[in-house]
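What follows is a short report on a single structure.
In my numbering, the protein residues as written are 5 to 275.
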(Lines of atoms letter the chains of each structure in order from A and count residues from 1; the text may use other names and numbers.)
(Lines give C-alpha, C1' and ligand atoms only; values in the text may rest on other atoms or scores of the structure.)
Protein backbone atom coordinates (compact mmCIF):
# COMPACT_ATOMS: atom_id res chain seq x y z
CA UNK A 1 0.00 0.00 0.00
CA UNK A 2 1.13 3.56 -0.66
CA UNK A 3 2.00 5.83 2.26
CA UNK A 4 -1.07 7.68 3.49
CA UNK A 5 -3.50 5.50 1.54
CA UNK A 6 -6.65 5.05 3.58
CA UNK A 7 -7.66 1.62 4.82
CA UNK A 8 -11.46 1.65 4.76
CA UNK A 9 -14.00 -0.77 6.15
CA UNK A 10 -17.08 -0.23 4.02
CA UNK A 11 -20.44 -1.57 5.06
CA UNK A 12 -19.75 -1.82 8.79
CA UNK A 13 -20.82 0.39 11.70
CA UNK A 14 -20.19 4.09 12.07
CA UNK A 15 -16.61 5.35 11.92
CA UNK A 16 -15.43 5.81 15.49
CA UNK A 17 -11.78 6.75 14.94
CA UNK A 18 -9.85 7.85 11.85
CA UNK A 19 -6.08 7.93 11.37
CA UNK A 20 -4.76 9.80 8.33
CA UNK A 21 -1.18 9.92 7.03
CA UNK A 22 0.26 9.37 10.51
CA UNK A 23 4.01 9.86 10.83
CA UNK A 24 5.73 9.37 14.19
CA UNK A 25 9.42 10.22 14.52
CA UNK A 26 11.67 10.00 17.55
CA UNK A 27 14.55 12.48 17.91
CA UNK A 28 18.15 11.27 18.04
CA UNK A 29 20.36 13.39 20.30
CA UNK A 30 24.10 13.90 19.94
CA UNK A 31 26.97 16.18 20.86
CA UNK A 32 27.95 17.68 24.18
CA UNK A 33 24.74 19.67 24.55
CA UNK A 34 22.59 16.76 23.37
CA UNK A 35 20.93 18.56 20.52
CA UNK A 36 18.75 16.79 17.95
CA UNK A 37 21.01 15.47 15.20
CA UNK A 38 18.58 13.15 13.45
CA UNK A 39 15.11 11.60 13.59
CA UNK A 40 14.06 7.97 13.39
CA UNK A 41 10.69 7.23 11.79
CA UNK A 42 8.72 4.60 13.71
CA UNK A 43 5.46 5.07 11.79
CA UNK A 44 5.50 6.16 8.14
CA UNK A 45 2.30 7.54 6.63
CA UNK A 46 -0.25 5.16 8.19
CA UNK A 47 -3.99 5.57 7.55
CA UNK A 48 -6.92 3.46 8.77
CA UNK A 49 -10.36 3.59 10.38
CA UNK A 50 -11.93 1.88 13.37
CA UNK A 51 -15.68 1.32 13.21
CA UNK A 52 -17.92 0.87 16.19
CA UNK A 53 -18.14 -2.69 17.46
CA UNK A 54 -15.42 -4.24 15.30
CA UNK A 55 -12.15 -5.94 16.19
CA UNK A 56 -9.18 -4.88 14.08
CA UNK A 57 -6.00 -6.90 14.35
CA UNK A 58 -2.75 -4.98 13.87
CA UNK A 59 -0.08 -7.57 13.12
CA UNK A 60 3.61 -7.57 12.29
CA UNK A 61 6.99 -8.49 13.69
CA UNK A 62 8.49 -6.81 16.75
CA UNK A 63 9.75 -3.29 16.09
CA UNK A 64 7.52 -2.61 13.09
CA UNK A 65 5.67 0.27 14.79
CA UNK A 66 2.54 -1.41 16.18
CA UNK A 67 2.95 -0.20 19.76
CA UNK A 68 3.95 3.26 18.55
CA UNK A 69 0.56 3.56 16.87
CA UNK A 70 -1.11 2.70 20.18
CA UNK A 71 0.99 5.35 21.94
CA UNK A 72 0.01 7.91 19.31
CA UNK A 73 -3.69 7.14 19.86
CA UNK A 74 -3.13 7.78 23.57
CA UNK A 75 -1.25 11.03 22.96
CA UNK A 76 2.04 9.51 24.12
CA UNK A 77 4.08 9.60 20.91
CA UNK A 78 5.58 12.56 18.99
CA UNK A 79 3.36 12.97 15.91
CA UNK A 80 5.41 14.56 13.16
CA UNK A 81 2.65 14.65 10.56
CA UNK A 82 -0.91 13.47 10.05
CA UNK A 83 -4.04 13.49 12.20
CA UNK A 84 -6.07 11.26 14.49
CA UNK A 85 -9.80 12.04 14.70
CA UNK A 86 -12.23 10.81 17.33
CA UNK A 87 -15.61 12.42 16.78
CA UNK A 88 -14.94 16.17 16.62
CA UNK A 89 -11.60 15.88 18.43
CA UNK A 90 -8.38 16.03 16.42
CA UNK A 91 -4.86 15.12 17.50
CA UNK A 92 -2.64 17.11 17.31
CA UNK A 93 -4.70 20.16 18.25
CA UNK A 94 -6.88 18.91 21.10
CA UNK A 95 -7.26 21.18 24.12
CA UNK A 96 -6.83 19.98 27.71
CA UNK A 97 -10.52 19.14 28.16
CA UNK A 98 -10.60 17.14 24.92
CA UNK A 99 -7.45 15.27 25.89
CA UNK A 100 -9.03 14.27 29.21
CA UNK A 101 -12.11 13.07 27.37
CA UNK A 102 -10.00 10.99 24.98
CA UNK A 103 -8.15 9.37 27.87
CA UNK A 104 -11.50 8.12 29.15
CA UNK A 105 -12.81 6.96 25.78
CA UNK A 106 -9.61 5.15 24.69
CA UNK A 107 -7.98 2.76 27.15
CA UNK A 108 -5.13 0.25 26.86
CA UNK A 109 -4.40 -3.21 28.26
CA UNK A 110 -0.69 -3.97 28.25
CA UNK A 111 1.19 -7.18 27.50
CA UNK A 112 2.63 -8.16 30.85
CA UNK A 113 0.18 -8.49 33.75
CA UNK A 114 3.12 -8.91 36.14
CA UNK A 115 4.68 -5.50 35.45
CA UNK A 116 1.62 -3.41 34.52
CA UNK A 117 0.09 -3.51 38.02
CA UNK A 118 1.67 -1.58 40.91
CA UNK A 119 2.51 -4.20 43.59
CA UNK A 120 2.08 -1.60 46.35
CA UNK A 121 -1.56 -0.92 45.45
CA UNK A 122 -4.62 -3.02 46.25
CA UNK A 123 -6.93 -4.17 43.48
CA UNK A 124 -9.39 -1.47 44.52
CA UNK A 125 -6.71 1.23 44.28
CA UNK A 126 -5.48 -0.05 40.90
CA UNK A 127 -8.90 -0.29 39.28
CA UNK A 128 -10.26 2.96 40.75
CA UNK A 129 -7.18 5.06 39.92
CA UNK A 130 -8.67 6.39 36.69
CA UNK A 131 -11.95 7.21 38.41
CA UNK A 132 -10.14 9.28 41.03
CA UNK A 133 -8.50 11.31 38.26
CA UNK A 134 -11.46 11.73 35.91
CA UNK A 135 -14.61 11.34 38.02
CA UNK A 136 -14.24 12.74 41.56
CA UNK A 137 -16.83 11.12 43.84
CA UNK A 138 -17.31 9.48 47.23
CA UNK A 139 -15.35 6.32 48.02
CA UNK A 140 -18.51 4.19 48.23
CA UNK A 141 -19.33 5.10 44.62
CA UNK A 142 -15.84 4.04 43.56
CA UNK A 143 -16.22 0.74 45.39
CA UNK A 144 -19.50 0.06 43.64
CA UNK A 145 -18.00 0.76 40.21
CA UNK A 146 -14.97 -1.41 40.98
CA UNK A 147 -17.24 -4.22 42.19
CA UNK A 148 -19.21 -4.06 38.94
CA UNK A 149 -16.19 -4.27 36.64
CA UNK A 150 -14.51 -6.99 38.71
CA UNK A 151 -17.63 -9.10 38.41
CA UNK A 152 -17.77 -8.33 34.67
CA UNK A 153 -14.28 -9.79 34.18
CA UNK A 154 -15.03 -12.85 36.31
CA UNK A 155 -13.49 -11.85 39.65
CA UNK A 156 -15.26 -11.76 43.01
CA UNK A 157 -15.74 -8.37 44.62
CA UNK A 158 -14.20 -9.73 47.83
CA UNK A 159 -10.85 -9.68 46.04
CA UNK A 160 -10.67 -5.90 45.73
CA UNK A 161 -8.67 -5.46 48.94
CA UNK A 162 -5.97 -7.96 47.94
CA UNK A 163 -2.67 -7.20 46.17
CA UNK A 164 -1.29 -8.24 42.74
CA UNK A 165 1.21 -10.78 44.08
CA UNK A 166 -1.70 -12.84 45.41
CA UNK A 167 -3.05 -13.54 41.91
CA UNK A 168 -2.14 -15.75 38.95
CA UNK A 169 -1.14 -14.28 35.58
CA UNK A 170 -4.61 -14.76 34.15
CA UNK A 171 -6.24 -13.12 37.15
CA UNK A 172 -3.84 -10.18 36.92
CA UNK A 173 -4.78 -9.67 33.29
CA UNK A 174 -8.44 -9.68 34.28
CA UNK A 175 -7.60 -6.94 36.81
CA UNK A 176 -5.85 -4.96 34.06
CA UNK A 177 -8.93 -5.32 31.84
CA UNK A 178 -11.15 -4.17 34.72
CA UNK A 179 -8.93 -1.11 35.18
CA UNK A 180 -9.45 -0.25 31.51
CA UNK A 181 -13.21 -0.85 31.63
CA UNK A 182 -13.98 1.19 34.75
CA UNK A 183 -13.93 4.48 32.81
CA UNK A 184 -16.47 3.08 30.32
CA UNK A 185 -14.30 3.49 27.22
CA UNK A 186 -15.43 3.02 23.64
CA UNK A 187 -12.09 1.72 22.32
CA UNK A 188 -9.72 -0.76 23.95
CA UNK A 189 -6.14 -1.01 22.69
CA UNK A 190 -4.98 -4.56 23.42
CA UNK A 191 -1.19 -4.54 23.11
CA UNK A 192 -0.04 -8.18 23.05
CA UNK A 193 -2.51 -8.64 25.89
CA UNK A 194 -2.47 -12.45 25.89
CA UNK A 195 1.06 -13.20 24.69
CA UNK A 196 2.50 -13.55 28.23
CA UNK A 197 -0.10 -16.16 29.21
CA UNK A 198 -0.12 -19.91 28.70
CA UNK A 199 -2.37 -21.38 26.01
CA UNK A 200 -5.26 -22.36 28.29
CA UNK A 201 -5.36 -18.97 30.02
CA UNK A 202 -5.05 -17.24 26.62
CA UNK A 203 -8.22 -18.98 25.48
CA UNK A 204 -10.04 -17.93 28.66
CA UNK A 205 -9.02 -14.27 28.24
CA UNK A 206 -9.95 -14.27 24.53
CA UNK A 207 -13.39 -15.66 25.37
CA UNK A 208 -13.72 -12.98 28.05
CA UNK A 209 -12.78 -10.22 25.60
CA UNK A 210 -15.32 -11.51 23.10
CA UNK A 211 -18.06 -11.41 25.73
CA UNK A 212 -17.06 -7.97 27.02
CA UNK A 213 -17.13 -6.54 23.51
CA UNK A 214 -20.78 -7.49 23.17
CA UNK A 215 -21.73 -6.57 26.74
CA UNK A 216 -20.10 -3.12 26.74
CA UNK A 217 -20.32 -2.28 23.01
CA UNK A 218 -16.54 -2.06 22.72
CA UNK A 219 -14.26 -1.62 19.73
CA UNK A 220 -10.85 -3.32 19.83
CA UNK A 221 -7.52 -2.60 18.18
CA UNK A 222 -5.73 -5.88 18.89
CA UNK A 223 -1.97 -5.51 18.52
CA UNK A 224 -0.14 -8.81 18.21
CA UNK A 225 2.38 -10.93 16.35
CA UNK A 226 0.23 -14.04 16.92
CA UNK A 227 -1.81 -14.68 13.78
CA UNK A 228 -3.77 -17.46 15.48
CA UNK A 229 -5.16 -15.01 18.02
CA UNK A 230 -6.12 -12.56 15.27
CA UNK A 231 -7.79 -15.28 13.21
CA UNK A 232 -9.94 -16.19 16.22
CA UNK A 233 -10.97 -12.72 17.39
CA UNK A 234 -10.62 -10.14 14.60
CA UNK A 235 -12.98 -8.94 11.88
CA UNK A 236 -10.27 -7.17 9.89
CA UNK A 237 -6.48 -7.27 9.78
CA UNK A 238 -3.89 -4.56 9.17
CA UNK A 239 -0.46 -5.98 8.31
CA UNK A 240 2.40 -3.69 9.33
CA UNK A 241 6.02 -3.80 8.18
CA UNK A 242 8.79 -1.24 8.69
CA UNK A 243 6.41 1.45 9.94
CA UNK A 244 3.88 1.04 7.12
CA UNK A 245 0.62 -0.82 6.60
CA UNK A 246 1.43 -3.08 3.66
CA UNK A 247 -1.87 -4.98 3.44
CA UNK A 248 -5.36 -4.80 4.89
CA UNK A 249 -8.57 -6.78 4.57
CA UNK A 250 -11.09 -9.08 6.19
CA UNK A 251 -9.67 -12.03 8.11
CA UNK A 252 -10.70 -14.59 5.50
CA UNK A 253 -9.26 -12.50 2.69
CA UNK A 254 -5.88 -12.06 4.36
CA UNK A 255 -5.54 -15.71 5.41
CA UNK A 256 -6.86 -17.26 2.20
CA UNK A 257 -5.75 -14.79 -0.48
CA UNK A 258 -2.79 -12.69 0.75
CA UNK A 259 -1.40 -10.33 -1.87
CA UNK A 260 1.71 -8.89 -0.21
CA UNK A 261 4.91 -10.95 -0.10
CA UNK A 262 5.50 -9.92 3.50
CA UNK A 263 2.03 -11.15 4.51
CA UNK A 264 2.71 -14.44 2.75
CA UNK A 265 5.94 -14.83 4.72
CA UNK A 266 4.14 -14.11 8.01
CA UNK A 267 1.52 -16.74 7.24
CA UNK A 268 4.14 -19.27 6.15
CA UNK A 269 6.01 -18.80 9.44
CA UNK A 270 3.03 -19.81 11.58
CA UNK A 271 3.67 -22.87 13.78
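Note that beta-carbon positions come from the ideal geometry of N, C-alpha and C, so glycine has one too.
Note on the region 81–130: whole beta strand (DSSP E) runs with a minimum of 3 residues are 83–90, 93–95, 110–113, in chain order.
Counting only runs of 4+ residues, the alpha helix (DSSP H) found wholly inside the region 216–273 occupies 231–237, 255–260, 265–272, in chain order.
Separation of the CB atoms of residue 62 and residue 213 is rounded to 15 Å, and the pair is thereby denied contact status at 8 Å.
Residue 168 sits in a helix when the DSSP states are folded into three classes. Per the DSSP secondary-structure output, residue 146 pairs with nothing in a beta bridge.
Straight-line spacing of the CA atoms in residue 266 and residue 52 works out to 19 Å. Secondary structure of residue 61 (DSSP, three-state): strand. Taking a 10 Å sphere around the C-beta of residue 189, we find 16 or more other C-beta atoms and assign the residue as buried. Burial of residue 69 is indicated by the presence of at least 16 other C-beta atoms within 10 angstroms of its C-beta. Assigned with DSSP and collapsed to three states, residue 135 falls in helix. Here residue 158 carries a coil assignment [DSSP, helix/strand/coil].
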